[in-house]
Amino acid sequence: MDKVDIVVIGAGAVGLAIGAAIADKDKDMYILEKEEVYGQGTSSRNSEVIHAGIYYPKGSLKAELCVKANPMIYGICEKNKVPYKNCGKLIVANGESEVKQLEGIIKHATDCGARDLEMIDKGRVHELEPKVKADAAIISPTTGILDAHGLMDHFHREARRKAGTDPVVLDTEVTGIKQIKDSYIVEMISGGEPFQIESSIVINSAGLYSDRIAAMAGIDIDEAGYRIHWCKGEYFSLTGKPPAQMLIYPPPPQDAASLGIHSVPDLTGRLRFGPNAFYVDEINYAVESEKEPFWRDVVRYFPTVKLEDLHPDMSGIRSKLQGPGDPVRDFVIKHEEDRSLPGFINLVGIESPGLTSSPAIAEMVAEMVKEYLN
Ligand SMILES: Cc1cc2nc3c(=O)[nH]c(=O)nc-3n(C[C@H](O)[C@H](O)[C@H](O)COP(=O)(O)OP(=O)(O)OC[C@H]3O[C@@H](n4cnc5c(N)ncnc54)[C@H](O)[C@@H]3O)c2cc1C
Numbered sequence: 002m003d004k005v006d007i008v009v010i011g012a013g014a015v016g017l018a019i020g021a022a023i024a025d026k027d028k029d030m031y032i033l034e035k036e037e038v039y040g041q042g043t044s045s046r047n048s049e050v051i052h053a054g055i056y057y058p059k060g061s062l063k064a065e066l067c068v069k070a071n072p073m074i075y076g077i078c079e080k081n082k083v084p085y086k087n088c089g090k091l092i093v094a095n096g097e098s099e100v101k102q103l104e105g106i107i108k109h110a111t112d113c114g115a116r117d118l119e120m121i122d123k124g125r126v127h128e129l130e131p132k133v134k135a136d137a138a139i140i141s142p143t144t145g146i147l148d149a150h151g152l153m154d155h156f157h158r159e160a161r162r163k164a165g166t167d168p169v170v171l172d173t174e175v176t177g178i179k180q181i182k183d184s185y186i187v188e189m190i191s192g193g194e195p196f197q198i199e200s201s202i203v204i205n206s207a208g209l210y211s212d213r214i215a216a217m218a219g220i221d222i223d224e225a226g227y228r229i230h231w232c233k234g235e236y237f238s239l240t241g242k243p244p245a246q247m248l249i250y251p252p253p254p255q256d257a258a259s260l261g262i263h264s265v266p267d268l269t270g271r272l273r274f275g276p277n278a279f280y281v282d283e284i285n286y287a288v289e290s291e292k293e294p295f296w297r298d299v300v301r302y303f304p305t306v307k308l309e310d311l312h313p314d315m316s317g318i319r320s321k322l323q324g325p326g327d328p329v330r331d332f333v334i335k336h337e338e339d340r341s342l343p344g345f346i347n348l349v350g351i352e353s354p355g356l357t358s359s360p361a362i363a364e365m366v367a368e369m370v371k372e373y374l375n
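Using my numbering, the first residue of the sequence shown is number 2, and each one after it goes up by one.
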C-alpha cells in the first residue's frame with residue numbers, strides 16, 4: 002500500500018488552493034478527485050464574484066477570510082494572468098425601508114472590515130449606471146468578477162510546481178476512511194479499481210459531499226452539526242446589450258439563504274440574473290423554475306428588461322450547513338484533534354464566499370498542517 006504524508010479529498014477551488022499552499026518537494030501529497038476533470042463541482046457553477054465581505058456575521062470565518070482574501074485574489078489574478086475585472090458593485094435600494102436597510106448594511110460591513118464602501122444618492126447611481134432604478138445605493142469598488150477555471154488552473158500549476166510532480170489524481174472517489182494508530186487508510190475507487198493509501202494527514206475538501214467524508218472518518222455529523230443541506234441556485238441569461246457594467250444587487254432578502262436575484266456580468270460581457278435559492282434532495286443542474294418571478298425581481302432595479310429576453314442558463318448547488326428556516330451558519334474549518342482524529346482536517350459548509358476566500362482558507366489550513374507536523 003502507498004504511504005503518503007497528505008491526502009486532500011476534492012479538487013475544487015478550495016482543495017486546489019490548499020494543495021497549492023501546502024505542496025512541497027519533501028512531502029508526498031495526493032489531491033483525490035472523483036470526476037475526470039477537476040473543478041466540475043460548485044466551483045464551476047457559481048456567480049464568479051470576487052466578494053468584498055459585506056454580509057457575513059462579524060467575527061465569522063466567512064467575514065474574516067473573505068475580507069482577507071479579496072486583495073489576495075486580485076493579486077493572484079494580476080500576477081498570474083487569471084482573467085478578472087474589478088467592475089465594482091452597487092447594492093440598490095428602492096423605497097424608504099430598503100434605504101434604511103442599506104444604512105444597516107454599510108455600518109455592519111464596515112465594522113467587519115469591508116473596504117471603501119460608500120452610500121451614494123439617486124443622481125450618482127444614474128451617472129454610474131443610467132439604466133438602473135434606485136433611490137440610493139451602496140457602492141463597493143473592491144467587488145469584481147473572475148474566471149473561476151483560470152483561478153483553479155493557477156492553483157493546480159502552483160501545486161504541481163511546488164510538489165515537483167502533479168498531485169491531482171482524477172477519476173478517484175474516496176469511499177472509506179479507517180483510522181489506524183497515527184494515520185488513516187483512505188479507501189477509494191480509482192479508474193474503476195479499488196485502491197487504498199495510507200496517509201498521516203487527511204484534508205476533507207469534498208464540497209457537497211464533505212459531510213459524508215466526515216462521517217466516513219467516524220464523526221456523528223448530526224451531533225457535530227456537520228450535515229450539509231443542498232440548496233440550489235438557478236440563473237437566467239439576458240439576450241441583447243447588458244443594461245449595466247457593474248454588478249447590481251438588491252438588499253438581501255430576510256430568508257438569509259441567498260443574496261437576492263442580482264445581475265452578474267461575465268468576462269465575455271454576457272449578463273446573467275440569479276441565483277434563486279431552494280433546498281433540494283438530489284444533484285440535478287437543470288433550470289426548472291419559472292422565469293417570471295425572476296423577472297419581477299429584476300425589473301425592480303432594471304425596469305427596461307423584458308420578460309422575453311430572459312432564458313434559462315445554468316445552476317449551482319450550495320453546500321449549506323444552514324437548513325430551511327435555520328439561522329446563518331459559518332464555514333467549518335477544523336482540525337479534529339479533539340474528536341480523537343489527529344491529522345484529520347474538515348472543511349464543511351464552504352458555501353459563498355468560498356471561491357473568493359479560497360486563498361485565505363488555504364493559508365489557514367496550511368497553518369494547521371504546519372502546527373500538526375511540528
Ligand atoms: C449558485 C452559487 C453561487 C455562488 N457564487 C459565489 C460567488 O459569486 N463568489 C464566491 O466567492 N463564492 C460563490 N459561491 C460559492 C463557491 O462556489 C463555493 O464556496 C466554492 O466553489 C466551494 O469550493 P469547494 O472546492 O469547496 O467545492 P467544489 O467545487 O464542489 O469541490 C469539491 C470537489 O470534491 C469532489 N468530491 C466530492 N466527493 C468526493 C469523493 N468522495 N472523492 C473524491 N472527490 C470528491 C467533487 O467532485 C468536487 O470536485 C457560489 C455557490 C453557488 C452554489
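Every residue, glycine too, gets a C-beta built ideally from N, C-alpha and C.
In the three-state reduction of the DSSP assignment, A218 falls in the coil class, being assigned neither a helical nor a strand state. Three or more Cβ pairs closer than 8 Å define a contact, and the region 76 to 90 meets that threshold against the region 131 to 144. Taking 8 Å as the upper bound for CB-CB distance, I249 and I146 are not in contact here, some 13 Å apart. If you check the CB distance, P266 and P252 do not come in under 8 Å.
At least one heavy atom of ligand 1 falls within 7 Å of the beta-carbon of P276.
I262 and F303 have their alpha carbons spaced roughly 12 Å apart. Within the region 149 to 182, the runs of alpha helix (DSSP H) that reach at least 4 residues and sit entirely inside it are, in chain order, 149 to 164. In this model, I202 and E79 are separated by some 33 Å (Cα to Cα). Short note on S353: C-beta closer than 7 Å to some heavy atom of ligand 1. With respect to the 8 Å criterion, S206 and G11 are classified as neighbours on the basis of their beta carbons. The region 108 to 124 and the region 53 to 67 touch, with no fewer than 3 CB-CB distances between them shorter than 8 Å. For S61, no alpha helix (DSSP H) segment is defined, and its DSSP state is neither H nor E. Taking 8 Å as the cut-off, the beta carbon of S45 is found no closer than this to the beta carbon of A160. Just measuring C-alpha positions, the residue of K292, L311, D282 sitting nearest K321 is D282. Boundaries of the alpha helix (DSSP H) around M369: 355 to 374. Take G151, set aside five residues on each side of it, and the residues of its chain with a beta-carbon closer than 7 Å to its own are V83, P84, in chain order.
Distance from the C-beta of Y210 to the nearest heavy atom of ligand 1 is below 7 Å.
Taking C-beta atoms as the reference points, Y286 and W231 fail to come closer than 8 Å. Residue environment for S98: exposed (fewer than 16 other C-beta atoms within 10 angstroms of its C-beta).
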